[in-house]
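**Q** Chains as they are written, first to last, in my numbering: chain C, 1 to 391; chain W, 392 to 488. Glycine is no exception: its CB is placed at the ideal position from the N, C-alpha and C atoms. Below is the structure I would like to discuss, written out as structure tokens.
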Amino acid sequence: MSRRVGMEASFAIAEAVKLAEAEVVAAYPITPQTHIVERLSEMVADGEIDAEFICVESEHSAMSACVGSSAVGARTFTATAGQGLELMHEVLFVAASSRLPMVMAVSNRALSGPLNVWGDQSDVMAARDCGWIQYFAENAQESFDLTLCAFKIAEDPQVLFPVMLNIDGFFVSHVVEPLYLLEKEEFEGFLPPYKYPFPLDPRRPVTMGAFSPPVLYTEARKALEVALQGTRETILRVWKEFGDRFGRSYKPIETYRTEDADTILMGIGCYTETASVAVDTMRARGEKVGMVHLRLWRPFPFLEIRAALQGAQKVLVFDRCIILGGPGGPLCSEIKSALYSEEKKPKIFNFIGGLGGRDITPQQFEDMITRGRKILDSKVTVEYETIGVRE
Amino acid sequence: MAKPDYEMTWKDLEIGCIVTEPGSASQYKTGDWKSQRPVWDKTRCIKCGICYLFCPEPCIGQDAEGYFENNLFYCKGCGICSKECPTSAIRMIPEES
Numbered sequence: 001m002s003r004r005v006g007m008e009a010s011f012a013i014a015e016a017v018k019l020a021e022a023e024v025v026a027a028y029p030i031t032p033q034t035h036i037v038e039r040l041s042e043m044v045a046d047g048e049i050d051a052e053f054i055c056v057e058s059e060h061s062a063m064s065a066c067v068g069s070s071a072v073g074a075r076t077f078t079a080t081a082g083q084g085l086e087l088m089h090e091v092l093f094v095a096a097s098s099r100l101p102m103v104m105a106v107s108n109r110a111l112s113g114p115l116n117v118w119g120d121q122s123d124v125m126a127a128r129d130c131g132w133i134q135y136f137a138e139n140a141q142e143s144f145d146l147t148l149c150a151f152k153i154a155e156d157p158q159v160l161f162p163v164m165l166n167i168d169g170f171f172v173s174h175v176v177e178p179l180y181l182l183e184k185e186e187f188e189g190f191l192p193p194y195k196y197p198f199p200l201d202p203r204r205p206v207t208m209g210a211f212s213p214p215v216l217y218t219e220a221r222k223a224l225e226v227a228l229q230g231t232r233e234t235i236l237r238v239w240k241e242f243g244d245r246f247g248r249s250y251k252p253i254e255t256y257r258t259e260d261a262d263t264i265l266m267g268i269g270c271y272t273e274t275a276s277v278a279v280d281t282m283r284a285r286g287e288k289v290g291m292v293h294l295r296l297w298r299p300f301p302f303l304e305i306r307a308a309l310q311g312a313q314k315v316l317v318f319d320r321c322i323i324l325g326g327p328g329g330p331l332c333s334e335i336k337s338a339l340y341s342e343e344k345k346p347k348i349f350n351f352i353g354g355l356g357g358r359d360i361t362p363q364q365f366e367d368m369i370t371r372g373r374k375i376l377d378s379k380v381t382v383e384y385e386t387i388g389v390r391e
Numbered sequence: 392m393a394k395p396d397y398e399m400t401w402k403d404l405e406i407g408c409i410v411t412e413p414g415s416a417s418q419y420k421t422g423d424w425k426s427q428r429p430v431w432d433k434t435r436c437i438k439c440g441i442c443y444l445f446c447p448e449p450c451i452g453q454d455a456e457g458y459f460e461n462n463l464f465y466c467k468g469c470g471i472c473s474k475e476c477p478t479s480a481i482r483m484i485p486e487e488s
């Protein structure tokens with residue numbers, strides 16, 4: 001049965017890729033993703049996994065190799081972070097629009113410049129429109145479980161999309177945590193063999209990546225968008241099936257002490273676990289605060305968000321990324337957009353912090369809630385405030 | 392293609408816009424946006440085949456007598472054949488006329 005071990009999330013992801021019997025790993029090492037691919041290259045070299053490890057000269061080549069290997073019908077994995085994700089950028093769109101299943105772990109990292117190898121969510125947010133299914137794991141256990149689910153989701157005949165599993169660089173990727181690893185025997189049967197409907201095969205020639213003139217491009221994009229939105233049901237089904245079989249269930253969003261909450265704090269990733277300490281402290285003082293953290297980012301969980309936030313009077317959204325020259329943080333921007341047409345909606349304010357690896361303490365989350373409430377009780381004159389910035 | 396492309400809805404497209412019919416590119420009319428087209432002067436043509444070799448499309452073939460002619464369904468009107476013809480047997484004329 002399940003083995004309880006102490007392990008970094010990066011190694012846990014490598015264990016999941018091994019358990020899933022990925023056939024091709026094409027990756028370029030970059031901090032803070034390095035441990036994932038280092039461990040995988042060891043596994044390949046030691047014969048623990050029967051996979052081809054393609055050492056490429058850049059992330060652009062890594063993603064291009066993944067496109068090729070997925071197209072011939074091989075179970076494909078890669079991982080990257082920060083600048084690496086941005087170097088892949090154009091090929092990310094090709095993978096999604098060609099409907100090629102693969103799994104990529106991203107150890108979220110700040111973007112240059114200034115050069116910074118530590119964690120925030122600028123990288124994934126700059127790639128949010130690439131057409132991939134994108135979700136977040138908050139700890140080592142989730143990283144392991146959701147990597148396994150990612151293969152099943154990506155390769156489902158109703159889906160056939162690449163899946164990006166995001167973890168916070170260092171705070172999750174490099175932290176040794178207790179988790180349960182599944183044994184091969186108990187995992188058996190969860191993940192069916194990968195069968196791409198039109199694999200590149202000389203006996204049955206097809207053209208992939210053909211160009212599309214104005215007369216067809218609009219139809220192609222509409223088809224892609226409908227298909228991506230349509231993956232929602234399969235994602236929910238796979239997460240439920242995982243829960244039924246292995247006892248750990250996942251949902252597009254998680255709510256924490258939100259019943260009767262007048263103020264809700266929202267965020268993505270492991271910082272929300274820190275924020276839950278602040279929620280507990282304030283609840284103990286009798287303040288009606290709760291928290292919602294978002295796991296599924298693409299397709300965006302509109303229904304769940306509306307249901308979770310509708311009852312609150314105030315929502316404070318915490319972003320670990322700035323949309324430069326725009327409305328503040330990407331999460332807040334999308335939350336506002338999701339609620340704008342609702343008749344009953346809360347007041348919303350945005351905080352930005354935790355950039356480039358900066359810590360946010362429970363006390364700072366408490367301050368954020370207190371300050372946010374005050375701001376929303378008066379006239380709001382700024383789009384957002386930055387936490388902990390030295391003025 | 393089951394339908395002409397201008398009749399296809401988003402639901403008709405294959406997954407990932409994969410083309411499953413080999414050689415279907417031959418149905419794509421590349422000659423519908425040319426602004427000029429080549430006209431051969433048979434009195435000057437020496438049947439050397441330079442135009443045939445240089446046509447990037449390639450849409451130039453030979454008629455029964457061995458003279459060269461092009462397929463306007465594919466010809467983009469680039470003018471390379473005219474430029475390369477050693478006897479100046481090919482003239483580019485505006486598409487309107």
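1) For C:Val163 and C:Leu111, I'd like the C-alpha separation in whole angstroms.
2) List the residues of chain W whose Cβ lies closer than 7 Å to the Cβ of C:Ala223, in chain order.
3) Enumerated in chain order, which unbroken segments of the beta strand (DSSP E) with a length of 3 residues or greater are wholly contained in the segment 248 to 291 of chain C?
4) Since C:Arg237 is in the alpha helix (DSSP H), which residue starts that stretch and which ends it?
5) May I ask you to list the residues that DSSP assigns as paired with C:Glu38?
6) For C:Gln363, report the span of its beta strand (DSSP E) as first-last.
7) Quickly, what does DSSP pair W:Ile451 with across the bridge? List them, please.
8) Relative to the C-alpha of C:Glu225, which candidate in C:Phe300, C:Val106 and C:His60 has its C-alpha closest?
9) Is W:Lys474 helix, strand or coil when you go by DSSP?
10) Would you mind telling me which residues of chain W sit closer than 7 Å to C:Ala206, beta carbon to beta carbon, in chain order?
11) Is C:Ile36 near C:Ala14, with beta carbons less than 8 Å apart?
12) Is there a Cβ of chain C sitting closer than 8 Å to that of W:Asp396, yes or no?
13) By the three-class DSSP mapping on this structure, what secondary structure does C:Leu303 have?
14) If we call anything under 8 Å between Cβ atoms a contact, is W:Tyr458 one with W:Cys439?
15) Using a C-beta to C-beta distance shorter than 7 Å, which residues of chain W count as neighbours of C:Pro197?
16) Taking C-beta pairs closer than 7 Å, name the residues in chain W that C:Ser98 reaches, listed in chain order.
17) Grab me the residues of C:Lys152's own chain with a C-beta within less than 6 Å of its C-beta, minus the 5 sequence neighbours each way, in chain order.
18) List the residues that DSSP assigns as beta-bridge partners of C:Met7.
19) Can you check whether the C-beta of C:Val215 is within less than 8 Å of a C-beta belonging to chain D?
20) Compare the C-alpha of C:Gly354 against each of C:Pro178, C:Leu303, C:Asp168 and C:Ala338 and name the closest.
21) Please tell me whether C:Ser64 has its Cβ less than 8 Å away from any Cβ of chain W.
22) Are any of the Cβ atoms in chain W nearer than 8 Å to that of C:Ser212?
23) Residue range of the alpha helix (DSSP H) that C:Pro214 falls in?
24) Mind pulling the alpha helix (DSSP H) runs of 4 or more residues that sit fully within the segment 414 to 447 of chain W?
25) Report all residues from its chain with a CB closer than 6 Å to the CB of C:Ala22; omit the five preceding and five following residues, and keep chain order.
26) Between C:Lys336 and W:Trp424, what straight-line distance do the alpha-carbon atoms span, to the nearest angstrom?
27) Roughly how many whole angstroms lie between the Cα atoms of C:Ile264 and C:Arg109?
28) Where does C:Tyr194 land, buried or exposed, given buried means 16+ other C-beta within 10 angstroms?
29) Given this structure, state the Cα-to-Cα distance separating C:Phe246 from C:Gln141, to the nearest angstrom.
30) Are the segment 194 to 209 of chain C and the segment 134 to 148 of chain C touching, with three or more C-beta to C-beta distances below 8 Å?
31) Using 10 angstroms around the beta-carbon of W:Asn462, count the other beta-carbons present and answer buried if the total reaches 16, otherwise exposed.
32) List the whole-angstrom C-beta distance separating C:Cys321 from C:Tyr384, where the pair is believed to meet the contact cut-off of C-beta under 8 Å.
33) How would you list, in chain order, the residues of chain W whose beta-carbon sits under 8 Å from the beta-carbon of C:Ala392?
34) Which chain W residues are close to C:Leu160, counting only those with a beta carbon under 9 Å from its beta carbon?
35) Could you check if C:Pro101 is buried or exposed, using at least 16 other CB atoms within 10 Å of its CB as the buried criterion?
36) Here's the rule: buried if 16 or more other CB atoms are within 10 angstroms of the residue's CB, otherwise exposed. What is W:Met392?
**A** On the basis of the supplied data:
1) 21 Å
2) Trp401 and Leu404
3) Counting whole runs of 3 or more residues, the segment 248 to 291 of chain C contains the beta strand (DSSP E) stretches 253 to 256 and 263 to 268.
4) Arg232 to Phe246
5) DSSP, once it has assigned bridges, lists no residue as partnering C:Glu38.
6) For C:Gln363, no beta strand (DSSP E) run applies; the uninterrupted alpha helix (DSSP H) run containing it begins and ends at Pro362 to Asp377, by DSSP.
7) Looking at the DSSP assignment, W:Ile451 forms a beta bridge with W:Asn461.
8) C:Phe300
9) helix
10) Correcting the residue type first, residue 206 of chain C is Val in the shown sequence and not Ala. Result: Ile409, Val410 and Thr411.
11) yes
12) yes
13) C:Leu303 falls in the helix class under three-state DSSP.
14) no
15) At a beta-carbon threshold of 7 Å, the residues of chain W lying near C:Pro197 are Ile406, ordered along the chain.
16) Gly407
17) Leu191 and Val238
18) C:Glu177
19) This model lacks chain D altogether, as its protein chains are C and W.
20) C:Asp168
21) no
22) yes
23) Per DSSP, C:Pro214 belongs to the alpha helix (DSSP H) from Pro214 to Gln229.
24) Segments of the alpha helix (DSSP H) lying fully in the segment 414 to 447 of chain W: 441 to 445.
25) Ala51, Arg75 and Phe77
26) Approximately 45 Å between the Cα atoms of the pair.
27) The alpha-carbon atoms of C:Ile264 and C:Arg109 are separated by roughly 26 Å.
28) Result: buried.
29) Their backbone Cα atoms lie some 12 Å apart in a straight line.
30) no
31) Under this definition W:Asn462 is an exposed residue.
32) Contact doesn't hold; Cβ gap of about 11 Å is too wide.
33) The requested residue 392 of chain C is not part of the displayed model; chain C covers only 1 to 391.
34) Ile406 and Gly407
35) buried
36) Low confidence applies to W:Met392: its pLDDT is 49, below 50, so where it sits in the model is not reliable, and the reading given next is rough at best. Result: exposed.
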